[in-house]
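Protein chains in written order, with the numbering used here: chain A, 19 to 174; chain B, 164 to 459. Ideal placement from N, C-alpha and C gives every residue a C-beta, glycine not left out. As the structure is a computational prediction, the values presented were derived from the model and not from experiment.
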């Protein structure tokens, strides 16, 4: 039996817009995790026409928060600059989801075979893939669902 | 890098100071998408490559600001506005000679190519050089940070901010247009400019990053300065030790500090990471011999 994206994708998902401020996005990540009953580490970003404009993950946000010269810190006994974390956080107030999302996103269709999905996830280092048909978002495939779907074949 | 590798700064080569993570985009990518990479990776410029991954140009925040000023649609490709060709150096070049190229060509970064296969392996930019110098100072037993740990610290004359700061502070008013702010930044070749209100009180700073974000967010270039400026103003004192000022900049990811006079509302100078890289290397007078001499 052919198992494809539509068999393992989540049909309920939360999305953001490019205009969502980053600090608001962090709140929405928590809210989405609560409502979906799973840890959400990345979300789809939709434009005003409801089409996929990009993806943003917690990793993107952390990458933006990371001070640029961290390679120097390894040698430092004490990082004692007052307010350093606050400064990093303050910077997020003027930045929007659209500024740091990944704009060119790989997606699959409901009929994409799960082994193809597995291949894309490994090659492209992504953990979630939007499922799109005729520009309409049908769902999202998480690497964990893919993993358990394949794993269950060994255990049953 | 082991400590024995860096006995003197003057013996350093490019590969010891370069950043190995190269952010590149296809030249057909949109300006809008390039801004995402620049903001996320906190870089001032990225490398544009062709379909065969050959470097063809450099896109800096200055180029992006120029496009914003000229009203170029943000979906245009970066090939339309990038500077070309990219300038290169080699991993084994002496750091001093690379700095000399940067100074003579008036650029803030060079891309580093492998001499064997001409692949781009790194990028050399002023802030990274300051970072390296700072690391060097921290390791030095005569540095302020090492000496303060001792019971009887040696008296060493430290370089102070006032000795190398620029004594003139250009500013715009908070009701000037962004278009005017961009003209000023462009004329004086600044990365950022101070914003004052009509009572001459400093109220914020507009950097090329702020302008890049304004372009991305679709802010009209005739909007007023105070709609996008950043505050509070990051500052230091004229008598602060250079080592501390550099530390503040590299840890807080700011490229310049304004220097306060008798009150926080009176700013008497500005001091940037590029100034630190261009004019001086060591942060105290203990290691004159190892200092890179760059004064023309």
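DSSP places residue 229 (chain B) inside the alpha helix (DSSP H), whose first and last residues are 224-233.
Going by DSSP, residue 172 (chain A) is part of the alpha helix (DSSP H) stretching over 161-173.
Look at residue 360 (chain B) here: in three-state DSSP terms it is coil, with no helix or strand label. With distances taken between CA atoms, residue 425 (chain B) lies nearest to B:400 out of B:345, B:368, B:400 and B:273.
Closest in C-alpha terms to residue 70 (chain A), from the list A:164, A:32 and A:145, comes A:32. Under the 8 Å criterion on CB atoms, residue 199 (chain B) is classed as interfacial with respect to chain A. Looking from the CA of residue 351 (chain B), the closest CA among B:334, B:218 and B:363 belongs to B:334. Contact between residue 116 (chain A) and residue 36 (chain A) holds, since their C-beta atoms are separated by about 3 Å, short of 8 Å.
Put simply, the backbone Cα of residue 106 (chain A) is about 8 Å away from that of residue 84 (chain A). In the displayed model, residue 200 (chain B) falls within a helix according to three-state DSSP. Linking residue 228 (chain B) to residue 121 (chain A) through their CA atoms gives a straight-line distance of about 21 Å. For residue 342 (chain B), the enclosing alpha helix (DSSP H) starts and ends at 341-351.
Taking each of B:288, B:283, B:243 and B:245 in turn and checking the Cα distance to residue 264 (chain B), the smallest one comes out for B:288. For residue 196 (chain B), the chain A residues whose Cβ falls inside 8 Å of its Cβ are 121 and 122, in order along the chain.
Distance between residue 144 (chain A) and residue 82 (chain A), taken at the CA atoms: about 18 Å. For residue 39 (chain A), DSSP records a beta bridge to A:114.
Here the alpha carbons of residue 159 (chain A) and residue 355 (chain B) stand approximately 44 Å from one another. For residue 103 (chain A), the enclosing alpha helix (DSSP H) stretches over residues 102-108. Rounded to whole angstroms, the Cβ separation of residue 102 (chain A) and residue 415 (chain B) is 6 Å, and the two are in contact under 8 Å.
For residue 288 (chain B), the uninterrupted beta strand (DSSP E) segment begins and ends at 283-288. Residue environment analysis places residue 139 (chain A) among the buried positions, since at least 16 neighbouring C-beta atoms fall within 10 angstroms of its C-beta. Interface criterion not met: the Cβ of residue 307 (chain B) is under 8 Å from no Cβ in chain A.
Here residue 139 (chain A) carries a helix assignment [DSSP, helix/strand/coil]. Excluding residues up to 5 positions away in sequence, 289 lie with their Cβ nearer than 6 Å to the Cβ of residue 437 (chain B) in the same chain. Taking C-beta atoms as the reference points, residue 324 (chain B) and residue 357 (chain B) fail to come closer than 8 Å.
Contacts with chain B at 8 Å (Cβ-Cβ) do not include residue 39 (chain A). In this chain, residue 386 (chain B) is not harboured by any beta strand (DSSP E), its DSSP state being neither H nor E.
Inclusion of residue 391 (chain B) and residue 382 (chain B) in the CB contact set at 8 Å is warranted, their separation being smaller than that value. Listed along chain B, the residues sitting closer than 7 Å to residue 105 (chain A) by beta-carbon distance are 415. At a cut-off of 8 Å between beta-carbon atoms, residue 82 (chain A) makes contact with chain B. Contact between the segment 394-410 of chain B and the segment 292-301 of chain B is present, with at least three C-beta pairs closer than 8 Å. Nearest neighbour of residue 353 (chain B) by Cα position, chosen from B:186, B:224 and B:204, turns out to be B:224. One finds nothing in chain A with a Cβ atom closer than 9 Å to the Cβ of residue 222 (chain B); even the nearest lies about 15 Å away.
The Cβ neighbour count for residue 279 (chain B), taken over all protein chains shown within 10 Å, is under 16; the residue is labelled exposed. When rounded, the separation of the alpha-carbon atoms in residue 195 (chain B) and residue 327 (chain B) is 37 Å. Per DSSP, the continuous beta strand (DSSP E) segment holding residue 212 (chain B) begins and ends at 208-212.
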